[in-house]
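Residue numbers (my numbering): 2 to 445. Glycine included, every Cβ here is placed at the ideal spot set by N, Cα and C. These numbers were taken from a predicted model, which means no experiment stands behind them.
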Amino acid sequence: MREYLLTLCVTAAVTYLLTGPVRKFAIVAGAMPEIRARDVHREPTPRLGGIAMFFGLCAGLLTADHLTNLNQLFEKSNEPRALLSGAALIWLIGVLDDKFEIDALIKLGGQMIAAGVMVMQGLTILWLPVPGVGSVALTQWQGTLLTVALVVITINAVNFVDGLDGLAAGMVCIAAAAFFLYAYRIWYSYGIEAAAPATLFSAILMGMCLGFLPHNMHPARIFMGDSGSMLIGLVLAAGAISVTGQVDPDALKLFAGSEKEAVHQTVPVYIPLLLPLTIIAVPAADLILAIVRRTWRGQSPFAADRGHLHHRLLEIGHSHSRAVLIMYFWSALIGFGALTYSVNSASMWIVLSVVILSTIGLVLLLLPRFTPRAPRWAEAVVPPRYRRRRAVAAASGATAAHEAAEVPGEASEDRTPVAAGVSGVNGATAVGSRARLADRSRQR
């Protein structure tokens, strides 16, 4: 555990220290595009944050190669080299896209080639655990196609969710933490060396995200861009492929019976981690909804829009920071819920806890839809926005303003209320629109 923590800290430190110089380089290189219609930030922000994250990945692998216990991993397995090869290729494609905006189909082809490079070096799915059947061996072509599909799905799921400051890095960090605990349990508790690469990949991925998050939290000073989002998506997929498709379920010996029973015992985690990862279920759901929404409208599945889950949270009335925290909550609930269920699938307390937390999450999601009003006897001690008389006063003020605007000889001014959650209003509150702030800005 100490060597994994050291690798995590080195990765985080290198990523954090390099992000500042990379930001200056991105500004000089012109990788700071203008604000688009679907963006929610207020001013142009440099991208190319994936450069710092890639060098953090290299530093983590180099550190692990020089540690006593983890060094054996590089001697016995070719998976770290396969990860580095695929990561370097996908990172170069992302850097070019951050600078030159390459076509979506070219990026998709690059993602498939990066996955193919990893397959050629041994990082592939060899078999699948199927409940009631056992371990099903895959042919070379089946394993290759399934591996490529998993890599492409994971990369695009993370890329699609990268729409708010700190959202993608935080969600992937939560996913990597849950995945690290799962892989470390298999490696340490059952002594299965085949789970060691996935444990290392998860630790490095956590370090990459933790090192970048301080620069990317709202208001972000730099974006990771496609060079970062596709990179962390590929690392997450590599860990899933390593532990899901190469660890024999029968080696866990969870059950004294047959291999079929062992597979059935571990299927709550194995199958959800594979199609796709349970720990990135939120971005994967966003990916599926985006494809359905765009094709239904007759658009390309890769056409950008403002219909993602985080955009809808802003439209409901959540602030930028609150929308990010809600997405964090759902990622942690799904990821750690699956992890806990894998430890003890027979406990009803786990199911009840997940149900209760899901209810809390739904309440938080719908909170801006409701404007609670305090009883009249408590209006003196509650904030003004919860008082009933505030609505009456606001209505009276609106009527007076309308009558004043109709007086002949007085200049009228068109003041359009600023809707919460649109571009340029990242700090909109959950109470309603911020027309008063817009009016003040016009009076200056």
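Proximal residues to residue i (C-beta, below 6 Å), its chain only, five neighbours per side dropped
{"i": "V408", "result": "Reliability fails at V408, whose pLDDT of 45 lies under 50, so the model's placement of it is uncertain and the value that follows must be treated cautiously. Closer than 6 Å at the Cβ level, and outside the excluded window around V408, lies no residue."}
{"i": "V96", "result": "S228"}
{"i": "L9", "result": "A204, M207, G208"}
{"i": "L19", "result": "A53, F56"}
{"i": "A170", "result": "C210, F213, L214, N217"}
DSSP three-state assignment for residue i, whether helix, strand or coil
{"i": "A221", "result": "coil"}
{"i": "D99", "result": "helix"}
{"i": "S203", "result": "helix"}
{"i": "G167", "result": "coil"}
{"i": "E76", "result": "helix"}
{"i": "P45", "result": "coil"}
{"i": "N70", "result": "coil"}
{"i": "T20", "result": "helix"}
{"i": "H319", "result": "coil"}
{"i": "I193", "result": "coil"}
{"i": "R298", "result": "coil"}
{"i": "Q112", "result": "helix"}
{"i": "R3", "result": "helix"}
{"i": "G50", "result": "coil"}
{"i": "M33", "result": "coil"}
{"i": "L288", "result": "helix"}
Euclidean distance between Cα positions of residue i and residue j
{"i": "Q300", "j": "I289", "result": "14 Å"}
{"i": "Q122", "j": "K108", "result": "22 Å"}
{"i": "R24", "j": "E44", "result": "15 Å"}
{"i": "R136", "j": "V244", "result": "The residue you asked about is not Arg; residue 136 is Ser in the sequence shown. So the alpha carbons of these two residues sit roughly 14 Å apart."}
{"i": "A291", "j": "I351", "result": "31 Å"}
{"i": "V162", "j": "A381", "result": "43 Å"}
{"i": "L214", "j": "R377", "result": "45 Å"}
{"i": "Y17", "j": "G240", "result": "23 Å"}
{"i": "A184", "j": "W142", "result": "26 Å"}
{"i": "S322", "j": "A199", "result": "31 Å"}
{"i": "F224", "j": "E194", "result": "36 Å"}
{"i": "S230", "j": "G21", "result": "18 Å"}
{"i": "W110", "j": "I175", "result": "The sequence as given places Gly at residue 110; Trp does not occur at that position. So the two alpha carbons sit approximately 28 Å from each other."}
{"i": "Y456", "j": "A196", "result": "The shown model of the chain, from 2 to 445, leaves out residue 456, and the question about it has no answer."}
{"i": "M113", "j": "V120", "result": "10 Å"}
{"i": "W297", "j": "S332", "result": "27 Å"}
Own chain residues within Cβ distance below 7 Å of residue i, not counting five before or after
{"i": "L314", "result": "A324, I327"}
{"i": "F66", "result": "It is Asp, not Phe, that sits at residue 66 in the sequence shown. Excluding residues within five positions, the ones whose Cβ falls inside 7 Å are N72, F75."}
{"i": "G524", "result": "The structure shown does not extend to residue 524, since the chain is modelled only from 2 to 445, so the question has no answer here."}
{"i": "D415", "result": "In this prediction, D415 has a pLDDT of 41, which is less than 50 and means its spatial position is unreliable; nothing more can be read from the coordinates."}
{"i": "W128", "result": "S136, V137, A138, L139, G246"}
Residue i and residue j closer than 8 Å at C-beta
{"i": "L84", "j": "L124", "result": "yes"}
{"i": "L451", "j": "A27", "result": "The chain is shown from 2 up to 445; residue 451 falls before or after that span and cannot be answered."}
{"i": "A115", "j": "L235", "result": "yes"}
{"i": "A238", "j": "T155", "result": "yes"}
{"i": "L106", "j": "I126", "result": "no"}
{"i": "L93", "j": "V118", "result": "no"}
{"i": "V15", "j": "F56", "result": "yes"}
{"i": "G1", "j": "A13", "result": "The requested residue 1 does not occur in the structure, where the chain is confined to residues 2 to 445."}
{"i": "E4", "j": "L68", "result": "yes"}
Contacts around residue i, its chain only, beta-carbon distance under 8 Å, and the 5 residues preceding and following it disregarded
{"i": "A221", "result": "H42, T46, D166, G167"}
{"i": "V173", "result": "V159, L206, C210, I233, G234, L237, I281"}
{"i": "H219", "result": "L165, D166, G167, H321, S322, V325, N427"}
Cutoff 8 Å: residue i Cβ touching any chain C Cβ
{"i": "E4", "result": "Included in the structure is just one protein chain, with no chain C present."}
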